[in-house]
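First up is the structure itself, then whatever we jot down about it.
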Amino acid sequence: MSEFLDHLRQRVLLCDGAMGSRVQAMHLDIERDYAGQENCTEILTRTRPDIVRAIHVGYLQAGADMVQTNTFGGSPITLGEFGLTDAAFELNKRSGEIAREAIEQFKDGRKRFVLGGIGPGTKLPTLGHVDYQTLEDALAIQSAGLVAGGVDAILIETCQDPLQIKAAVNGAKRAMLQASRKLPIIVQVTVETTATLLVGADIAAAATIIHALDVDAIGLNCATGPQEMAEHVQWLGENWTGPISIQPNAGLPQLVDGKTHYPLTPDEMAKWLERFVREDGVNIIGGCCGTEIRHIQALDAMLRRLGEPRPAPVPRKSVWVPSIASLYGQVPMRQENAYLSIGERCNANGSKAFRDRQAAG
848 MSEFLDHLRQ RVLLCDGAMG SRVQAMHLDI ERDYAGQENC TEILTRTRPD IVRAIHVGYL
908 QAGADMVQTN TFGGSPITLG EFGLTDAAFE LNKRSGEIAR EAIEQFKDGR KRFVLGGIGP
968 GTKLPTLGHV DYQTLEDALA IQSAGLVAGG VDAILIETCQ DPLQIKAAVN GAKRAMLQAS
1028 RKLPIIVQVT VETTATLLVG ADIAAAATII HALDVDAIGL NCATGPQEMA EHVQWLGENW
1088 TGPISIQPNA GLPQLVDGKT HYPLTPDEMA KWLERFVRED GVNIIGGCCG TEIRHIQALD
1148 AMLRRLGEPR PAPVPRKSVW VPSIASLYGQ VPMRQENAYL SIGERCNANG SKAFRDRQAA
1208 G
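Shown next, in the form of structure tokens:
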């Protein structure tokens, strides 16, 4: 068993908050900081590792037990949009190392972890943007860089397409096999306000597909705040038997004075995620878009109040029913054992008495 999974079984763990929205708020120089690659956050791993490291350190100081690498758009396909296809392995490896360097600044004896983040990219196979094998090969390269960078687990996040999930999981497993390392895999899907993933799968269909891929944990992140996630979190708590990870946005985004604003306060987020921990048995909590250091501080304080330094996970009575799924929905493979009465003698062809009674009205 990995040390990460061992800790996860013993206590609820706190992940970090947003990377991308924090970087965007810094108003960095396109030429000096982004090397001319506007909106390519991953290039900061090369040009401004100090900024990336400082963001990690800020979340760790706020109480996070783990940080995610600066690799949301780190696949060769996505980086190719900036002319950086060949830099994918290097940027992912270095991102893992920078996150590890941030953790090593803390000498208090507390165990902290690095999650190697893999985002959904900009091309989805179900929509015909990219063929499956090309995507799996690209994500194997990204995963290889993360594994070489020393991450403790692979986090496949903001998933919108079951085929993209399959490509990412299989790509990660290929990279681990090549490196002779076995790391935990967490898959987090993004459920829109329509109650489905972008391509139409509901949470039950997505979970059924992910279950067949043999991963270590499932979860939700992005798109909405915790309130909109609540029914999907409850479904996972009642059905998924492994660890669950929940990282919502700080509410639904609003446009205020021409800028994106996330309205959920740290205390409001802490109340929602406390509910998920106490009622739904969630194992990992954290934040996505719009969450800042103050949100992570509030989540850390909430967890410490439940159990110092971290509460044990609340046991769940969940039962996974073997199922199959289409792209859109789940079909549980339940066998109905109730008594079924068949009136075979109530047949005009097989019973003269019944035929006579039927004719008589």
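The opening residue of the sequence shown carries number 848 in our numbering; numbering runs sequentially from there. No residue lacks a Cβ here, since even glycine has one placed at the ideal position from N, Cα and C.
The ligand MN heavy atom lying under 8 Å from the CB of residue i
| i | result |
| --- | --- |
| residue 1184 | Questions concerning the ligand MN fall outside what the structure shown contains, since it holds no ligand whatsoever. |
CB contact flag (residue i, residue j, <9 Å)
| i | j | result |
| --- | --- | --- |
| residue 987 | residue 1019 | yes |
| residue 1138 | residue 865 | yes |
| residue 899 | residue 907 | no |
| residue 1076 | residue 1057 | no |
| residue 996 | residue 958 | no |
| residue 973 | residue 1069 | no |
| residue 998 | residue 1024 | no |
| residue 1179 | residue 1116 | no |
| residue 969 | residue 925 | yes |
| residue 942 | residue 983 | no |
| residue 892 | residue 938 | yes |
| residue 916 | residue 962 | yes |
| residue 936 | residue 1000 | no |
| residue 950 | residue 922 | no |
| residue 904 | residue 952 | yes |
| residue 967 | residue 1037 | yes |
| residue 862 | residue 911 | yes |
| residue 1011 | residue 1060 | no |
| residue 1048 | residue 1175 | yes |
Counterpart residues of residue i in DSSP-defined beta bridges
| i | result |
| --- | --- |
| residue 1101 | 1108 |
| residue 860 | 1131 |
| residue 1032 | 1001 |
| residue 1006 | 1036 |
| residue 1064 | 1033 |
| residue 1094 | 1068 |
| residue 914 | 961 |
Local Cβ density within 10 Å of residue i, reported as buried at 16 or more and exposed below that
| i | result |
| --- | --- |
| residue 869 | buried |
| residue 1102 | exposed |
| residue 886 | exposed |
| residue 1193 | exposed |
| residue 1129 | buried |
| residue 1162 | exposed |
| residue 879 | exposed |
| residue 944 | buried |
| residue 877 | exposed |
| residue 1096 | buried |
| residue 1196 | exposed |
| residue 1108 | exposed |
| residue 1054 | buried |
Cβ separation of residue i and residue j, assumed to be a contact under 8 Å, to the nearest whole Å
| i | j | result |
| --- | --- | --- |
| residue 1084 | residue 1165 | 6 Å |
| residue 1150 | residue 1158 | 6 Å |
| residue 1062 | residue 1033 | 7 Å |
| residue 1113 | residue 1145 | 4 Å |
| residue 994 | residue 1026 | 5 Å |
| residue 1046 | residue 1081 | Not really, about 23 Å apart at Cβ, beyond 8 Å. |
9 Å Cβ cutoff, residue i in contact with chain B
| i | result |
| --- | --- |
| residue 1158 | In the structure shown, chain B does not exist; there is a single protein chain. |
Open item on the list: Could you tell me which whole alpha helix (DSSP H) segments of length 4 or greater appear in the region 865-898?
Closed with: Whole alpha helix (DSSP H) segments, 4+ residues: 867-871 and 891-894.
TODO: Could you pull out every unbroken beta strand (DSSP E) segment of at least 3 residues lying fully inside the region 949-1006, listed in chain order?
DONE: Segments of the beta strand (DSSP E) lying fully in the region 949-1006: 960-965 and 1000-1006.
Task: Runs of beta strand (DSSP E) wholly within the region 1151-1207 (minimum 3 residues, chain order) - done: Qualifying beta strand (DSSP E) stretches, in chain order: 1170-1172 and 1177-1179.
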